[in-house]
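From first to last, the protein sequence lines are chains A and B.
For what it's worth, numbering that gives the first Met the number 0 labels the leading residue of the first sequence as 0, then goes sequentially.
For what it's worth, numbering that gives the first Met the number 0 labels the leading residue of the second sequence as 0, then goes sequentially.
Each remark here refers to the structure printed beneath this line.
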Amino acid sequence: MGKGFRINGSAVVMGLYLLFLLLPVYWLLNMSLKTNTEILNTFSLWPNDLTLNNYRVILTDASWYMGYVNSIIYVTMNTVISLAVALPAAYAFSRYHFMGDKHLFFWLLTNRMAPPAVFALPFFQLYSSVGLFDTHIAVALAHTLFNVPLAVWILEGFMRGVPREIDETAYLDGYSFTRFFTRIFMPLISSGIGVAAFFCFMFSWVELLLSRTLTSVDAKPIAATMTRTQGASGIDWGVLAAAGVLTIVPGALVIYFVRNYIAKGFALGRV
Amino acid sequence: MSLILERVSKVVEGQTHIQPTDLELSKGTMNVLLGPTLAGKTSLMRLMAGLDVPATGRILWNGADVTGMRVQDRKVAMVYQQFINYPSMTVYDNIASPMRLMGIDAAEIDRRVRATADMMKLGEMLQRKPLELSGGQQQRCALARALVKNAGLVLLDEPLANLDYKLREELRAEIPRIFEESGAIFVYATTEPEEALLLGGNTATLWEGRVTQFGPTPSVYRRPVDATTARVFSDPPMNFLTLRKKGGRMLFGDKQDMPVLDALTNQPDGSYLAGFRPNHVELERKRAAAMQFDTILNVTEITGSETFVHLGYGGERWVGLVHGIRNLKPGQPLAVYLDPAHIYFFAQDGTLVSAAPYAKAA
Chain A
0 MGKGFRINGS AVVMGLYLLF LLLPVYWLLN MSLKTNTEIL NTFSLWPNDL
50 TLNNYRVILT DASWYMGYVN SIIYVTMNTV ISLAVALPAA YAFSRYHFMG
100 DKHLFFWLLT NRMAPPAVFA LPFFQLYSSV GLFDTHIAVA LAHTLFNVPL
150 AVWILEGFMR GVPREIDETA YLDGYSFTRF FTRIFMPLIS SGIGVAAFFC
200 FMFSWVELLL SRTLTSVDAK PIAATMTRTQ GASGIDWGVL AAAGVLTIVP
250 GALVIYFVRN YIAKGFALGR V
Chain B
0 MSLILERVSK VVEGQTHIQP TDLELSKGTM NVLLGPTLAG KTSLMRLMAG
50 LDVPATGRIL WNGADVTGMR VQDRKVAMVY QQFINYPSMT VYDNIASPMR
100 LMGIDAAEID RRVRATADMM KLGEMLQRKP LELSGGQQQR CALARALVKN
150 AGLVLLDEPL ANLDYKLREE LRAEIPRIFE ESGAIFVYAT TEPEEALLLG
200 GNTATLWEGR VTQFGPTPSV YRRPVDATTA RVFSDPPMNF LTLRKKGGRM
250 LFGDKQDMPV LDALTNQPDG SYLAGFRPNH VELERKRAAA MQFDTILNVT
300 EITGSETFVH LGYGGERWVG LVHGIRNLKP GQPLAVYLDP AHIYFFAQDG
350 TLVSAAPYAK AA
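And the structure:
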C-alpha cells in the first residue's frame, strides 16, 4: 500500500463534525438564494436559479428591516445598562465583605434558573400599566433580569484576579474612586468586560419570548417578524431564509471580535 | 515632620491584631519594623498609611490628627511585597501618575520622572509596560512611583522579599542612598534581622501585635529589653537555657552546675534565662573561662562556608553557627563552649537582667 492511501482518522472525524455543524447553516444560505418555486418543487444542493431577490425584499421593506433596527436598539441598550449596573456590583462583591454577601451573590444567579416564560405575564401586565409596552427600553429592561446576574458573575471572577493592593496604591497616589475605576481598573479587566458584553448581547439577541410579548409594532424584533410572515400565498420561504442569514451575521461578527477574550473567560471558570 | 502613634490598636472581628502602641517617628529617619510573619508589621503599616482605621488611639502627622483621614489626602507612599504597578500604563506613565494628579506642570513632571527613573536605572525602560520588565525592575518602578511624589512618609512593606538573592543585595544597597536623598520618614518592614542591621536607623521589634522595643538599631540588637526582642532580633533565633541560681552556684537542670557568673552575683536566688546567639557557640575552647556544655548533635546543615549545628541539651534545643565545614555525625555527643562574655541573662518573666558584657563594651 502506498502512502497516499493512508487515512487520517482525526481529519475524517473533524470533517464529519464540521459537515454536520455547518449543514443547517449551509442549507439556510442555500435556500435564501433560491426562488420559492425551486425551494418547494425541486431538491438541489445549490441554487440552480441564483437570485438575490429575497435579500432585496428585506432590505427595502420597512416592516422587515425595521425588525433588525429594533433588535439592535434594544440589544445595545440592554448591554449598556447591564454593564453599567454589573460593574459596580461586581466590584462590591469582589472587594467588600458585608452581611449576606455570599447569599446575595448566589441569589443573583438563581434569577437565571427560572424560564423567561415565567416572567412574560407579569412583565406584560406591568409594562402595559406604566405605558412602556411596545418600547425598546421595555425589552432592554426585561432582559437585564437575566443579563445583570450573568455579567456580575463573570466580572466578579475577573475582578478578583486583580490584587487589592492596586486599588490601595492608586488611592495612596491620590486617585479618587471614580478616576481609579475608569483609568486603572477598567483597562485591567477589559477582557472580562468584553466577555460580559458578549454574553449580554448574545442572550438579548436570541431571546424571543419576552421580546415578542412586550412589543407589537414600534419595537418589534426581527425574530418576532420572522414568526409572523405568513402571507395569503403561504409562507415566503426564500425571504424567511434570507432573514435568517442576516440574523446570524451580527452574532458571528461579535464572536469573531471577542473570541480571544472568551477563551480567557473560560480559563477563569466563570463562563 | 513627625509621625506619632498614640495608643493605636487594631481589632479585626474580635481578634487583636495590634496591641495599643505608642511610636514616634521623627523627620529624616529610617525606621525598621522587624518581626516574624503575622507579627503585625503590615497591620501597623496600614494604620500608619491610613488604609485602616485604628480601633483606638490617634495618629498625628506634624502635630495634626490624621486618624480616619482619606488616604488620598495623606501624602503617603507605599511599596508592597508584591510588585504593584498599573499594568495598563507604561513605566513613564506609572511614575508620572501621582504627579499628574497633583496638577504639576508637564515639564516639571517630565524632569522628575526622568531623574527618578535614572536613579532607579529604569531610564531605558520608560516606554515599556510593567509586565514586560523583570521582577527587580518592576519593584524599582514601584519604588520610583513612591518616591517621585516626595511624600513625607514612605512605607516599604517587605519590598525585597519576592526578589532573588542577587537583586535583593543590589536594591538593599540602594535603599539607604535613596533614603538619604529623600529626607522623608522611611518605614521598612522586614522579617530578617540582618536586613535591619544593614539598614541601620531605628528598629521596632514586633511580636504578636506588640512593639517590644523601639530604639536605634544597634542598641536594640545589643541590649534587647526582653527575651522576646532578643529572639526576634536574631537569625537563627537566640538560644535559651533555664537555670537556677542558688548561693554561689548556677544549676542547669540536674545535669550540670558551675560557679555563678559576675553578671548574676548581685541578683537574688531564683530562676533565670540565659540567652546566647548562635554565632557565639564554639566547638573549641578558645578562652579558659569558657563554659562547656555536653550536648547531643541532632542535625548539621552546611551552607558553603559555614555549618549550622542543631543541638539538644536536656530539653532545650539550640542552634549554633560555626565557621568552616564540619563533618560531624548526627546523634553523637558534642561538647560546645560558650564565652561568659556572650551571655545575656533574663528574669523568669523575660525582662533583661544583664546584657552580655561584650555588648556593653561595644
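Note that CB positions come from ideal geometry on N, CA and C, so glycine has one too.
Bear in mind the structure is a predicted one, so any value in this text is a computation, not a measurement.
Nearest-angstrom Cα distance between residue i and residue j?
{"i": "A/Y126", "j": "A/H135", "result": "12 angstroms"}
{"i": "A/F122", "j": "A/A83", "result": "22 angstroms"}
{"i": "B/L197", "j": "B/L296", "result": "32 angstroms"}
{"i": "B/R69", "j": "B/M77", "result": "15 angstroms"}
{"i": "B/P158", "j": "B/Q81", "result": "8 angstroms"}
{"i": "A/I261", "j": "B/R113", "result": "39 angstroms"}
{"i": "A/W236", "j": "A/V24", "result": "15 angstroms"}
{"i": "A/Y170", "j": "B/L152", "result": "15 angstroms"}
{"i": "B/E123", "j": "B/L132", "result": "11 angstroms"}
{"i": "A/T253", "j": "A/N29", "result": "The displayed chain sequence assigns Val, not Thr, to residue 253 of chain A. Approximately 23 angstroms between the Cα atoms of the pair."}
{"i": "A/I192", "j": "A/W152", "result": "11 angstroms"}
{"i": "B/N326", "j": "B/T302", "result": "13 angstroms"}
{"i": "B/D51", "j": "A/Y90", "result": "19 angstroms"}
{"i": "B/V31", "j": "B/A195", "result": "6 angstroms"}
{"i": "B/G56", "j": "B/T216", "result": "26 angstroms"}
{"i": "A/M0", "j": "A/S190", "result": "Note that A/M0 scores 48 on pLDDT, short of 50, meaning its location in the model is unreliable; the coordinates nonetheless yield the value given after this. Whole-angstrom Cα-Cα distance: 51 angstroms."}
{"i": "B/G135", "j": "A/F92", "result": "33 angstroms"}
In its own chain, which residues sit with a C-beta less than 8 angstroms from the C-beta of residue i, not counting the 5 before and 5 after it?
{"i": "A/D166", "result": "R94, F179 and F184"}
{"i": "B/Y85", "result": "D92, N93, S96 and P129"}
{"i": "A/W144", "result": "Reading off the sequence, residue 144 of chain A comes out as Leu, not Trp. Result list for A/L144: N110 and F118, in chain order."}
{"i": "B/A289", "result": "E281, Y336, L337, D338 and P339"}
So, at 6 angstroms on beta carbons, what are the nonlocal neighbours of residue i in its own chain, with the 5 sequence-adjacent residues on each side left out?
{"i": "B/L260", "result": "P339"}
Within the same chain, show all residues whose beta-carbon is closer than 7 angstroms to that of residue i, passing over the 5 residues directly before and after it, in chain order.
{"i": "B/W206", "result": "G34, A38, T227 and V231"}
{"i": "B/V335", "result": "V280, E281, L282, F292, T294, L310 and G319"}
{"i": "A/M76", "result": "H135, I136 and A139"}
{"i": "B/L22", "result": "L4, A203, V210 and F213"}
{"i": "B/D163", "result": "none"}
{"i": "A/P87", "result": "none"}
{"i": "B/Q266", "result": "K244 and V352"}
{"i": "A/L27", "result": "A240, G243 and V244"}
Return the residue from the list the options that minimises the CA-CA distance to residue i.
{"i": "B/N161", "options": "B/E180, B/T190 and B/E179", "result": "B/T190"}
{"i": "B/R167", "options": "B/L152, B/L154, B/L146 and B/Q137", "result": "B/Q137"}
{"i": "B/H322", "options": "B/D64, B/T306 and B/V219", "result": "B/T306"}
{"i": "B/H16", "options": "B/T41, B/G214, B/L4 and B/A114", "result": "B/T41"}
{"i": "B/Y79", "options": "A/N52, A/L131, A/I192 and A/R163", "result": "A/R163"}
{"i": "B/D117", "options": "B/V90, B/D104, B/S133 and B/A106", "result": "B/V90"}
{"i": "A/L239", "options": "A/W45, A/T226 and A/A251", "result": "A/T226"}
{"i": "A/G233", "options": "A/W26, A/L39, A/F19 and A/S31", "result": "A/L39"}
{"i": "B/P332", "options": "B/V298, B/F185 and B/N278", "result": "B/V298"}
{"i": "B/S87", "options": "A/S215, A/I247, A/R182 and A/P249", "result": "A/R182"}
{"i": "B/Y312", "options": "B/K254, B/A354, B/I103 and B/V7", "result": "B/K254"}
{"i": "B/D149", "options": "B/V10, B/M98, B/L121 and B/R6", "result": "What sits at residue 149 of chain B in the sequence shown is Asn, not Asp. Considering only alpha carbons, the answer is B/M98."}
{"i": "B/I83", "options": "A/F104, A/T168 and A/M65", "result": "A/T168"}
{"i": "A/N35", "options": "A/L20, A/N52, A/L22 and A/F19", "result": "A/N52"}
{"i": "A/I221", "options": "A/F19, A/T177, A/V244 and A/G66", "result": "A/G66"}
{"i": "A/H142", "options": "A/T59, A/L22 and A/S203", "result": "A/S203"}
{"i": "A/T246", "options": "A/W45, A/I71 and A/L18", "result": "A/I71"}
{"i": "B/P19", "options": "B/M29, B/L170, B/P53 and B/V219", "result": "B/P53"}
Would residue i be called buried (16 or more neighbouring beta carbons within 10 Å of its own) or exposed?
{"i": "B/D293", "result": "exposed"}
{"i": "B/F345", "result": "buried"}
{"i": "B/L272", "result": "buried"}
{"i": "B/S270", "result": "exposed"}
{"i": "A/E37", "result": "buried"}
{"i": "B/P329", "result": "exposed"}
{"i": "B/A63", "result": "exposed"}
{"i": "A/P148", "result": "buried"}
{"i": "B/Y187", "result": "buried"}
{"i": "B/N238", "result": "buried"}
{"i": "B/P277", "result": "buried"}
Please report the residue range of the beta strand (DSSP E) in which residue i lies.
{"i": "B/E321", "result": "Note on identity: in this sequence residue 321 of chain B is Val, with Glu being the wrong assignment. From DSSP, the beta strand (DSSP E) with B/V321 extends over E315 to H322."}
{"i": "B/R111", "result": "It is not in any beta strand (DSSP E) - B/R111 instead sits in the alpha helix (DSSP H) that spans A105 to M118."}
{"i": "B/R248", "result": "R248 to F251"}
{"i": "B/W206", "result": "N201 to W206"}
{"i": "A/T50", "result": "Here A/T50 belongs to no beta strand (DSSP E), and DSSP marks it neither H nor E."}
For the alpha helix (DSSP H) that residue i lies in, which residues bound it at each end?
{"i": "B/E23", "result": "That residue, B/E23, is in no alpha helix (DSSP H); its beta strand (DSSP E) goes Q14 to S25."}
{"i": "B/T41", "result": "K40 to A48"}
{"i": "A/W26", "result": "G8 to S31"}
{"i": "A/W204", "result": "S189 to V205"}
{"i": "A/Y95", "result": "First-last for A/Y95: undefined, no H or E at that position."}
{"i": "B/A363", "result": "Only positions 0 to 361 of chain B appear in this structure, which leaves residue 363 of chain B out of reach."}
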